[in-house]
Amino acid sequence: MNTQSPGPDFEHAFHRSAERHERVWIFCVVTMLLLLTAGTMFYAVYDYGVVTKGAAFHADPTAPARETAFQDGRVIQTGPNAYSVYMVGHLWMWSPSPIHVKQGAAITFYVTSTDVLHGFEVQGTTINLTAVPGIVGTVSYNFSHPGTYHIICNEFCGIEHQAMIGRIIVDPATRS
Amino acid sequence: MLAFLIAGFTALMIGASIGPLQALNYGGINAYPALHPVLKSYYQGLTIHGVLNGYVFTFFITSGLLVYLPARELGLHPNLLLWRSGFVLMAAGALMLLWSMFDNSSSVLWTFYPPLQASAVFYLGMTLLSIGSIVPLPILLEMRATWKHRRRGELTPLVTYMSLVTMLMWGLASIGAVAELLLQLDPWALGFTSTVDPIIGRTLFWLTGHPIVYFWLMPAYVSWYGLLSRQAGGKLVSDPMARLTFVLLFVFSLPVGSHHQFDDPGFSPIWRGILVALTMSVALPSLITAFTIGLSLEFAGRVRGGKGWFGWFRALPWSNPGVAGQVLAAITFIFGGATGVVQGSWQLDNIVHNTIFIPGHFHVTVGSVTAMTFMAVSFWMVPHLTGRSLISRRLALASVWLWFAGMSIFALGMHWAGLFGVPRRAWISALPPSEYHTLYGMAHVPLALVAIGGVVLWLATFCFYVVFFGTILFGSRGTYREPIPFARAFGGRESYAIDLPLTDETTPVGIVAHPALSPLARTLEHVGLITLGTAVVTAAAYIPILWPFVHHLTHAPGWIVW
Ligand code: HEM
Ligand SMILES: [Cu+2]
Ligand SMILES: [Cu+2]
């Protein structure tokens, strides 16, 4: 145990400097966290579009899917290049799929499920919304790049969960 | 105590042998058809992995450790009847869970979100396991009361204090899951009700599911603050800071559980904003820990003759597997903390939510910090309890280094692939190869890393169990029993030192309290008030969230679809 005691002087000095650094460290940490928080709040306010918002609640989980919008409309044009998509997740597919739109399309998705939880994730975008039976969630997004986007179910929903893939095809806006 | 260790590590052994199969799955290798007699699907395996590692393993070790260490520190006998009944409850629960998971009746994953419907045996087993895990709380309260009665006006010794705060946190936190089980799922699975409300279940689950992260972490911190500095040959730099860390973790962890539901419908933006702020504050105690533990280790290293900027780090007793395991665990935690902040912020969360970024994150927290710390603890505790010495110090070292290396590779791959949108919990290797390629081809390199990391982890697991069971069964018996390495705090007036003489098994450990008490530590003695305050804040955070859900009940029937 000789190495254990290099003298009380060393211990004392170390403790003094530790206490000094402790204060500086805590100050830095608090400042950093405040900045980070302010930053995220700023984003939160400015980037409303991808924020998911609750919509209607239903007692019967299959009720939303029986509404007309979910049944026939499905992809409804609401403006020059704006659409509402009524998306239903059920075991184990997304409908409607595939969806064809033009580059630059602004789509508002109304998402629900008729059975268990599903996860509405569009790969390569910030769209990420849980499809909950009995609740219709909303999310909007601007598809400004052409290409094929995959809708991937990211909430476990049974044995074919990994194969629950949908497609959104965004055609390039070549002709005006 | 040995029973808790053995039960916990046995669960981990089963769970951890399935983990690498999951890693291979992400690398595109589907091992499940070959395993069909045992595991019907990836999802059955994943349920077993999550439940055994996440709940059974951690609950057993923690319920043992957080009673045993305080009892030794205080020199008191714990209420053995209670402690044993806790063990029996958890063991019965664990057996029921195993039964219902292995017959593939309950492949609902460890989050068991309704309306996926598992068997009643599964939910009842989960109920018993959860209730059993709260039993240390009354034991600790009783021991602390006895101790306080004998030594009026003194502060609760550090290890007991940290254990108690952890259990108080868990006592409050578990209300969510226990309520979900008792009020919703048990009656539903037994057939008393025919439907459940999915979003209420999910919200109650996360009331527990977020703080459980701290229930995994805090026992590891108990060892880091309470023991590690002594094991490394130094002293704990600041005792009040350790207390403050625990209280902050307690206060901040509870109200923010619903940040796991940022992407659920039905959450108002204002709540999201508040939750982001609170979630960020959880980083504060972790950063204090990084500082205090780092400094304590630096002191140890310098005392051992380390010089210069990094010399102290090299001078740590790396040949001691009990120290090496914990220091490596602390290093992985730095990554864990950084990626945690990413998830906390709302915008980034939209990108990584439910991708394999998330399991990447919790394998560098619970999967390394907790698992490695518990492994490291077992390296001194098994000899301490059985009087047998480790059968191989080398192999023990190899297991923690391999674990560290494997986890780093694995987690790097998981985080990186998550940014490509690779979903978690997906049997992607069962997809037709062309489909796998179009969807996840661009994440080829990170997914390969995941698989490689998994294989390294398999090796690590193997080494560990040879040492663990080898020592229990065949380790050479000696007369000398390794003592518990309770740390000493240092400093003058500010610190409350728990300067203990190193005693052997037979003499109860006495406490020498420092006469000059720190005002901070003294304030933090009021754990009752702190608990009450946290409970009020948590209720305030949850009532507005649950309110619209309760007013718009959904009656969803159950689904068995695996
Ligand atoms: C032997 C090393 C391990 C490997 C290779 C491994 C691998 C994995 C992988 C690849 C996943 C993701 C599965 C998916 O999302 O589809 C996973 C999930 C998980 N792991 Fe591990 N793991 C290991 C050890 C651990 C440990 C030690 C713990 C906890 C103490 C743990 C707890 C979990 C949990 C809770 C999940 C989540 C399950 C779910 O999403 O339902 N794992 N593991
Ligand atoms: Cu699905
Ligand atoms: Cu799914």
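Sequence lines, in order, name chains A and B.
All residue numbers for the first sequence refer to numbering that gives the first Met the number 0, where the first residue is 0 and numbers rise by one.
All residue numbers for the second sequence refer to numbering that gives the first Met the number 0, where the first residue is 0 and numbers rise by one.
Heads up, the beta-carbon is just placed ideally off N, CA and C, and yes, glycines get one too.
Any non-hydrogen atom of ligand 2 closer than 7 angstroms to residue i Cβ
i, result
"A:His-160", "yes"
Cβ-heavy atom distance, residue i to ligand 1, below 7 angstroms
i, result
"B:Phe-111", "no"
"B:Phe-467", "no"
"B:Phe-409", "yes"
"A:Gln-122", "no"
"B:Leu-108", "yes"
"B:Gln-325", "no"
"B:Gly-417", "no"
"B:Ser-213", "Looking at the sequence shown, residue 213 of chain B is not Ser but Tyr. Flag unset: Cβ of B:Tyr-213 not near ligand 1."
"B:Pro-19", "yes"
"B:Leu-552", "no"
"B:Leu-80", "no"
"B:Leu-448", "no"
"B:His-48", "yes"
"B:His-362", "yes"
"B:Ala-22", "yes"
"B:Ile-174", "no"
First through last residue of the beta strand (DSSP E) which encompasses residue i
i, result
"A:Cys-156", "Premise fails: A:Cys-156 is in no beta strand (DSSP E) and is neither H nor E."
"A:Met-92", "92–94"
"A:His-99", "98–101"
"A:Thr-113", "It is not in any beta strand (DSSP E) - A:Thr-113 carries neither H nor E in the DSSP assignment."
"A:Thr-173", "From DSSP, A:Thr-173 is part of no beta strand (DSSP E); its letter is neither H nor E."
"A:Ser-139", "134–142"
"A:Glu-120", "117–121"
"A:Thr-129", "127–130"
"A:Val-195", "Residue numbering for chain A in the displayed model covers 0 to 175; residue 195 of chain A lies beyond these limits and cannot be assessed."
Below-8 angstroms beta-carbon distance, residue i vs any chain A residue
i, result
"B:Ala-219", "no"
"B:Ala-416", "no"
"B:Trp-561", "yes"
"B:Gly-336", "no"
"B:Asn-353", "yes"
"B:Glu-481", "no"
"B:Ser-40", "yes"
"B:Ile-198", "yes"
"B:Gly-452", "no"
"B:Ala-231", "no"
"B:Trp-558", "yes"
"B:Trp-562", "Residue 562 of chain B lies beyond the range of chain B shown here (0 to 561); nothing can be said about it."
Boundaries (first-last residue) of the alpha helix (DSSP H) holding residue i
i, result
"B:Thr-46", "41–48"
"B:Arg-83", "79–101"
"B:Tyr-541", "526–550"
"A:Ser-83", "Careful: A:Ser-83 lies outside any alpha helix (DSSP H), inside the beta strand (DSSP E) at 81–89."
"B:Ile-198", "197–208"
"B:Asn-563", "Here chain B has residues from 0 to 561 only, and residue 563 of chain B is not among them."
Any non-hydrogen atom of ligand 3 closer than 7 angstroms to residue i Cβ
i, result
"B:Glu-434", "no"
"A:Glu-154", "yes"
CB contact below 8 angstroms: residue i versus chain B
i, result
"A:Gly-157", "yes"
"A:Val-100", "no"
"A:Ile-134", "yes"
"A:Ile-151", "yes"
"A:Val-131", "yes"
"A:His-144", "no"
"A:Phe-165", "As written in the sequence, residue 165 of chain A is Gly, which differs from the Phe given in the question. False, the Cβ-Cβ gap to chain B never drops below 8 angstroms."
"A:Ala-162", "yes"
"A:Gly-48", "Reliability of the predicted coordinates at A:Gly-48 is poor, the pLDDT of 37 falling under 50, and the value obtained from them is presented with this limitation in mind. Chain B contact via Cβ: absent."
"A:Asn-127", "yes"
Counted within 10 angstroms of its Cβ, other Cβ atoms place residue i as buried (16 or more) or exposed
i, result
"A:Thr-30", "exposed"
"B:Ala-450", "buried"
"B:Ala-15", "buried"
"B:Ala-87", "Per the sequence shown, residue 87 of chain B should be read as Val rather than Ala. Classification of B:Val-87: exposed, given that the 10 Å Cβ count is below 16."
"B:Ile-390", "buried"
"B:Lys-306", "exposed"
"A:Asp-170", "exposed"
"B:Pro-358", "buried"
"B:His-148", "exposed"
"B:Leu-528", "exposed"
"A:Cys-27", "exposed"
"B:Val-535", "exposed"
"B:Trp-546", "exposed"
### Message
Taking 5 angstroms as the limit, name every residue whose beta carbon sits nearer than that to some heavy atom of ligand 2, in sequence order.
### Response
This criterion selects A:His-117, A:Cys-152, A:Cys-156, A:Met-163.
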